[in-house]
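Enquirer:
2 protein chains.
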Amino acid sequence: MNDNHENLMLKEAGLATEVGFVISRAKTQVLKQVDHVLEGFGFTKHHYAVLALACSVEAPSQREIATYMRLDPSRLVRILDELEGQELVRRERSAHDRRTWIIQATDSGHQRRTEASMALQQLNDNLLRHLGETQRQLLIGALLHLAEIEVQVEQR
Amino acid sequence: MNDNHENLMLKEAGLATEVGFVISRAKTQVLKQVDHVLEGFGFTKHHYAVLALACSVEAPSQREIATYMRLDPSRLVRILDELEGQELVRRERSAHDRRTWIIQATDSGHQRRTEASMALQQLNDNLLRHLGETQRQLLIGALLHLAEIEVQVEQR
DNA sequence: TATTGTTATACTCTATAACTATA
DNA sequence: TATAGTTATAGAGTATAACAATA
Numbered sequence: 000m001n002d003n004h005e006n007l008m009l010k011e012a013g014l015a016t017e018v019g020f021v022i023s024r025a026k027t028q029v030l031k032q033v034d035h036v037l038e039g040f041g042f043t044k045h046h047y048a049v050l051a052l053a054c055s056v057e058a059p060s061q062r063e064i065a066t067y068m069r070l071d072p073s074r075l076v077r078i079l080d081e082l083e084g085q086e087l088v089r090r091e092r093s094a095h096d097r098r099t100w101i102i103q104a105t106d107s108g109h110q111r112r113t114e115a116s117m118a119l120q121q122l123n124d125n126l127l128r129h130l131g132e133t134q135r136q137l138l139i140g141a142l143l144h145l146a147e148i149e150v151q152v153e154q155r
Numbered sequence: 000m001n002d003n004h005e006n007l008m009l010k011e012a013g014l015a016t017e018v019g020f021v022i023s024r025a026k027t028q029v030l031k032q033v034d035h036v037l038e039g040f041g042f043t044k045h046h047y048a049v050l051a052l053a054c055s056v057e058a059p060s061q062r063e064i065a066t067y068m069r070l071d072p073s074r075l076v077r078i079l080d081e082l083e084g085q086e087l088v089r090r091e092r093s094a095h096d097r098r099t100w101i102i103q104a105t106d107s108g109h110q111r112r113t114e115a116s117m118a119l120q121q122l123n124d125n126l127l128r129h130l131g132e133t134q135r136q137l138l139i140g141a142l143l144h145l146a147e148i149e150v151q152v153e154q155r
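In order, the protein sequence lines correspond to chains A and B.
Sequential numbering of the first sequence, starting at 0, is according to numbering that gives the first Met the number 0.
Sequential numbering of the second sequence, starting at 0, is according to numbering that gives the first Met the number 0.
1. Could you check the C-alpha separation between His45/B and Gln32/A for me, to the nearest Å?
2. Closest by CA to Leu119/B, which one among Val21/B, Ala51/B, His4/B?
3. Are the beta-carbon atoms belonging to Val29/A and Glu11/B less than 8 Å from one another?
4. Leaving out the 5 sequence neighbours to the left and right, which residues in its chain are closer than 7 Å to Gln103/B when beta-carbon positions are compared?
5. DSSP puts Gln103/B in a beta bridge; with which residues?
6. Would you list the one or two residues that DSSP bridges to Ser60/B?
7. Nearest-angstrom Cα distance between Ile78/A and Lys26/B?
8. Output yes if chain B places a C-beta closer than 8 Å to the C-beta of Thr113/A; else output no.
9. In whole angstroms, what separates the C-alpha of Lys93/B from that of Leu137/A?
10. Tell me the DSSP secondary structure of Val33/B in three-state form.
11. If we cut at 8 Å on Cβ distances, does Ala146/A have a partner in chain B?
12. Let me know if Asn3/B comes out buried or exposed under the rule of 16 or more other beta-carbons within 10 Å of its beta-carbon.
13. Counting only Cβ-Cβ distances shorter than 8 Å, please list the residues of the segment 46-78 of chain B near chain A, keeping chain order.
14. To the nearest angstrom, how far is it from the Cα of Glu17/A to the Cα of Met68/A?
15. Taking Thr133/A as part of the alpha helix (DSSP H), name the residues at either end of that continuous run.
16. What is the DSSP secondary structure of Gly108/A, counted as helix, strand or coil?
Here is the structure:
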């Protein structure tokens, strides 16, 4: 197929070794598949990430979710409205500060999150199927580093 | 720092091992730096990639550039107008088909591309400084695979 | 005075439709 | 009829400004 010619052009132009170009296109391709998987659950990637955070033991406020997701607080409003409309999360007034809403996943929220999470895990496995376990960890580790997310990794 | 709490939340929510989430944020952070570097040359990432393709030995048509870059042909028009305005590329009528323009980099186009390319290479080295040579190749290879760009493999 | 959540609005990026000139 | 390039426009995604309630 003609794909090969295209790829040779990208290589010849030096773009195939440029991190910015390669990570951009990889992100586009991966997100296409993520979007497709989450569509099956009536989610966008934003809905999913917000729901995942709402499922945390330490339920976050809207402000915290917006910060964690680098999302403008005003954008979060509609996302939460939609999740709340499906009764997947609840807004609950903070006991300490009556300006802030604490976002809690409902039971069905937890359930839907688990289902979506398993589907995404399957996609992950498929995307990385050509890599060994060590290589997977290296890839994720390198991406986390580029993303400036440094989590204390305790592997054993 | 509070960053640590944020990162722990992302990990706790399972997002720190989700390829889609991690690659999205990595892309955002990397592109911020790429944009900043290219700004110094009066470029956007699109200008740079188009110029790089125009520098290829086999000068591409607009249609080809649009295809290679997954860019709508209508968007390419302005990008080329701007590059041509700076006399970095020229539109030349194809000898075979008078509908198509062949995009050729000018001498100063080649020069500016080389300069920008070196600056990006430096950024690449800095971004990947914590990785050994083998690990770098694995990372780039994995990203190319996710990007569905298979260059080094010629199977038949 | 500053902050949380909200609404309305503006801006940017991208996709779509229609046009011209060639094939 | 179909295609390359162009223009104008519409849409999605995102950012900005102003507001009410609370601190």
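Using N, Cα and C, we set each Cβ at its ideal position, and we do this for glycine too.
Keep in mind the model is a prediction, meaning the values are calculated, not measured.
Expert: On the basis of the data shown:
1. 24 Å
2. Ala51/B
3. No, Cβ-Cβ distance for Val29/A and Glu11/B is not below 8 Å.
4. Ala53, Ala58, Val88, Arg89, Glu91
5. DSSP output for Gln103/B lists Arg89/B as bridge partner(s).
6. Ile101/B
7. 23 Å
8. no
9. Correcting the residue type first, residue 93/B is Ser in the shown sequence and not Lys. Looking at the two C-alpha atoms, the distance is approximately 47 Å.
10. helix
11. yes
12. Asn3/B is classed as exposed because its beta carbon has fewer than 16 other beta carbons within 10 Å across all chains shown.
13. Ala48, Ala51, Leu52, Cys54, Ser55, Val56, Glu57, Pro59, Glu63, Thr66, Tyr67, Arg69
14. 26 Å
15. 132-145
16. DSSP, reduced to helix, strand and coil, places Gly108/A within a helical segment of the structure shown.
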